[in-house]
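Engineer:
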Amino acid sequence: MEKKYTNRNNDIPVLIDATENPCLLLRQESNCSSNSAQDSAPRNARKSVCDEDLKAVFTIDGEGYDVVLSVTRERIFWMAMSALVRRKSARKLSGMLRSRRASASEETTSEGVSLASLFGVYVKHQARTEKDTAGVCLGLVLCMVESKNENTLRERVIFLEHPSEELCTSWEKKIKRSIRAKHPERPVSIKLFLQPHAGNKAGLFTYQKTVLPLFHSAGVSVDLAEVIHNEYVKQQMIHLNLDDFDCIVCMGGDGTVSQVVNALMNRAQKEKEVEMKHGAQPAPSPLPLGIIPTGKTNNVVQSVMGVADPITAVLHIIHGHFQPVDLCSLYTPDKFLQWGFNCQYGFAGQVLTYIGRYKALGAKRVDAAFVKALTKAKLRAYECDIEYIPANVKSHVRDTPCRSGCHICWNSEIETEEKKEPTVDFVQELDSLNESFASNNSSLIDLHQDSPWQTLKGKYMNVGLFVLPGLCDLAPQGLSKFTHLNDGVIDLVLVRDVEKKEFVRHLRRHGNSKNQFDFPFIEIHKVTEVRFRPRFLLGWNYNNHEFNEIRYQMEREESKTQHQKSVEIISDLGHNKNFQRSKSVDIIDISDDGESYEKEDNENDGELKAVKPQLVGPQYRKTFHEIEMEKYRKHARQKEEKQKAKEEAKMVAVWNVDNQIVRTLALDFKIHHGLLKVCGLGVSPYTTYEDIRLGCLSAM
């Protein structure tokens, strides 16, 4: 005689036959309202409803469970077959509900798992020594994601033991088809660029032991390419067929990210036939970008994910979590230079230069670089001219940090206020052509007064342009904590010339919860375009040894004579129409070896003919005193050249573009809204930060 009981948590009726074996029947609420309705319904209709679900008995942690795969509910349910185990789990759940609310993982354990939380499933076999055989089937492995803390994700494995190879294979195929049908945005094939020398040079080991097994569990095929030189990514991207991949992944630090982003964006412009020049609107990236952090600096991925963890990055890539971010294009006055996120000039550039010099110090090179850059001989302000176009952003947006689900970044339109008339500082130049016309009353250029550009001039210790917040170990909340990921705005941060102790206070606030920009010597502007030009000092006491007064006067008189002759020839041409140039021979050059050349107007017009020089009198031989004086002047000239280069180096710094040195000083910047998609969902709003202190700043 059959016995019937019902699981209160899952509402799954279970029939126990005479042999004490369970016989599961999943009742659909929409299709099966009552037992009488099921009995009266046609048998084919009941079969069509239940054919979508799979039912079997698996062993979990040594206990038997009735497991049901419901495609309609998008969940996998299980219930213990033993009444004792069911009572223990019920008492445990009721106690947790009385004390506190059960967490997501506890609710998942008691009721089942959602198909959306699964990223992989495979059949586990017993390992054997023979390579030809796969081994005895042990069961089915479910791979899912759980949260370790606010921003960190971890893999969780549920092992369903069953000896049947056929049953486990059918469940595996069914689950994979369901996941692929419900989540088509998840990548299937990726191209991965690995930098094995990034960080502590353990990138290849991390890939083999951690990254690759996760991708295999998710059924993602990986095409690996190890970066062997700086131009390797660029060369590979030119010939890469992007249609074969769903995502481009880079594994390394900020330097590797910069190489892949530049290669990917340049490939996108080439396919869309966009010529990158001033004022051009670039095409977006055709594929999203996944970043697996293994480098010394991982500011880009930390700004998007909130943590520099390789496992978390891989799980975001597998689940297809991609966040659109802004991208900045860099131009020289003549041409396009590169793409970038965060750029700094001045103090940050000097620190990056010293870090490269102190590689032998290992982990202490950062402290040594800060100490060197903060010394009295190195810490200085830099003269520069800055022009920018302000962005019309509401005032309450300026002090709002960017967190996951940010209403500013996720809106297609930026919240703006009424456009204000900008105050423009125009520099008017003299027009030399107007000086020759007496009819012009003014020699000033009539500039258009409605230009949106604004101008700043002065001495700045650091100039920062932030597209991303720039979270890092030195600044847990970001180098610019109020910068958003996808708002189409650059945060222009200017630190004016100030005393050393005040500047150190500003640096210390990067490690705590205080606002590092809450100082009177710091300016913040929300901009869309920036033009930066360094300013060099004009007064330099330098002797030009190449200048010769006699030669200068001779060249000046010769130029006047040639000008008079050209005027006479033009006047003669105007009076004599039958003017013909007579044949003549002109000596045009004297080479270093003493030979002269002639140019004859004959049949071979324009040919040069060598003529032996005619020496007049004996050659002059220099005395020993004159030779020594030439050596002394040459040495003095080289010494002055070194001193001049040293003084000019003090006037300017280098650019720090995504922790990479760029020595081109005159640059133009332009922001592009949502041009690239990067793995991650932003920083969690529940993230807690701990204050840090730099050892090099504590004694200053």
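Start counting at 1 in the sequence shown, then tack on 16, and there's your number in the numbering used here.
The beta-carbon is built from N, C-alpha and C at its ideal position, and this holds for glycine as well.
1. In terms of alpha-carbon separation, which member of W94, T471, G151 and G269 lies closest to S180?
2. Select from A96, V276 and E706 the residue whose C-alpha is nearest the C-alpha of M267.
3. Can you give me the C-alpha to C-alpha distance between K190 and G80, rounded to a whole angstrom?
4. State yes or no: is the C-beta of L353 nearer than 7 Å to some heavy atom of the ligand ATP?
5. Using C-beta distances below 8 Å, list every residue in its chain close to L70, excluding the 5 sequence neighbours before and after it, in chain order.
6. Cα separation between H688 and N278?
7. Rounded to whole angstroms, how far is the Cβ of Q493 from the Cβ of Y705, which I believe are closer than 8 Å?
8. Residues in the same chain with beta-carbon distance under 7 Å from S420, minus the five sequence neighbours each way, listed in chain order, please.
9. Determine the burial state of R709: buried for a count of at least 16 other Cβ atoms within 10 Å of its Cβ, exposed for fewer.
10. Just how far apart, CA to CA, sit F552 and V673?
11. Do you know how far the Cα of A665 is from the Cα of T391?
12. Starting from the Cα of L15, find the closest Cα among E90, V157 and Q654 and give me that residue.
13. In chain order, what are the residue ranges of uninterrupted alpha helix (DSSP H) at least 4 long that sit wholly in the stretch 231 to 287?
14. Counting C-beta neighbours from all protein chains within 10 Å, is the total for N257 16 or more, i.e. buried, or is it exposed?
15. Would you give the residue range spanned by the alpha helix (DSSP H) that F221 belongs to?
16. Give me the DSSP bridge partner(s) of T75.
17. Assess, as a yes-or-no matter, whether the stretch 645 to 655 is touched by the stretch 491 to 509 under the definition of 3 or more beta carbon pairs within less than 8 Å.
18. Counting pairs of beta carbons, one from the stretch 229 to 241 and one from the stretch 277 to 295, are three or more of them closer than 8 Å?
19. What is the DSSP secondary structure of E212, reduced to helix, strand or coil?
20. Mind checking who I405 pairs with in its DSSP beta bridge?
21. Assuming K380 is part of the alpha helix (DSSP H), what are its boundary residues?
22. Residues in its own chain within less than 8 Å of R172 by CB, not counting five upstream and five downstream?
23. Identify which residue in Q569, P550, Q578 and P309 has its Cα closest to the Cα of A669.
24. Is it a yes or a no for the stretch 464 to 482 touching the stretch 391 to 405, going by three-plus beta-carbon pairs under 8 Å?
25. So the alpha helix (DSSP H) M667 belongs to, where does it begin and stop?
26. Would a C-beta distance cut-off of 8 Å place D259 and K207 closer than the cut-off?
27. Could you spell out the range, first to last residue, of the beta strand (DSSP E) harbouring M95?
28. What number of angstroms, rounded off, separates the C-alpha of L713 from the C-alpha of G269?
29. Judging by CA-CA distance, which residue of L692, S274, D82 and P309 is the nearest neighbour of E177?
30. Check each candidate in K394, H335 and V546 and name the one with the smallest Cα separation from S133.
31. Could you check which residue in G378, Y361, C422 and F386 has the C-alpha nearest to that of E399?
32. To the nearest angstrom, how far is it from the Cα of N47 to the Cα of C344?
33. Tell me the residue span of the beta strand (DSSP E) that contains I424.
34. Drop a sphere of 10 angstroms on the beta-carbon of G155, count the other beta-carbons inside from all chains shown, and report buried for 16 or more, exposed for fewer.
35. Contact defined as beta carbons within less than 8 Å: I believe V317 pairs with P309. What is the distance between those atoms, to the nearest angstrom?
Structural biologist: In short:
1. G151
2. V276
3. 22 Å
4. The model on display carries no ligand, and the ligand ATP is accordingly not part of it.
5. V84, L85, S186, W187 and K190
6. 14 Å
7. 6 Å
8. Cβ neighbours of S420 beyond the five flanking positions: L697, G698, V699, S700 and P701.
9. exposed
10. Looking at the two C-alpha atoms, the distance is approximately 22 Å.
11. The straight-line gap from Cα to Cα measures roughly 16 Å.
12. Residue 15 lies beyond the residue range present for the chain, which begins at 17 and ends at 716; the question has no answer from this structure.
13. Those alpha helix (DSSP H) runs which fall completely within the stretch 231 to 287 and span 4+ residues are 248 to 254 and 270 to 287.
14. exposed
15. The continuous alpha helix (DSSP H) containing F221 extends over residues G219 to T222.
16. G80 and E177
17. no
18. no
19. The displayed chain sequence assigns Pro, not Glu, to residue 212. In the structure shown, P212 sits in coil (DSSP, three-state: anything other than H, G, I, E or B).
20. E545
21. That residue, K380, is in no alpha helix (DSSP H); it is neither H nor E in DSSP.
22. S121, C159, M160, V161 and E162
23. P550
24. yes
25. F640 to M667
26. It is not a contact, given that the beta carbons lie outside the stated cut-off.
27. R91 to A96
28. 26 Å
29. The shortest C-alpha to C-alpha distance from E177 to any of L692, S274, D82 and P309 is the one to D82.
30. H335
31. Among G378, Y361, C422 and F386, the Cα nearest to that of E399 belongs to Y361.
32. Residue placement at N47 is poorly supported in this model, since its pLDDT is 38, which falls under 50; the coordinates are not used for a value here.
33. Neither: I424 is in no beta strand (DSSP E) and is coded neither H nor E.
34. buried
35. 5 Å
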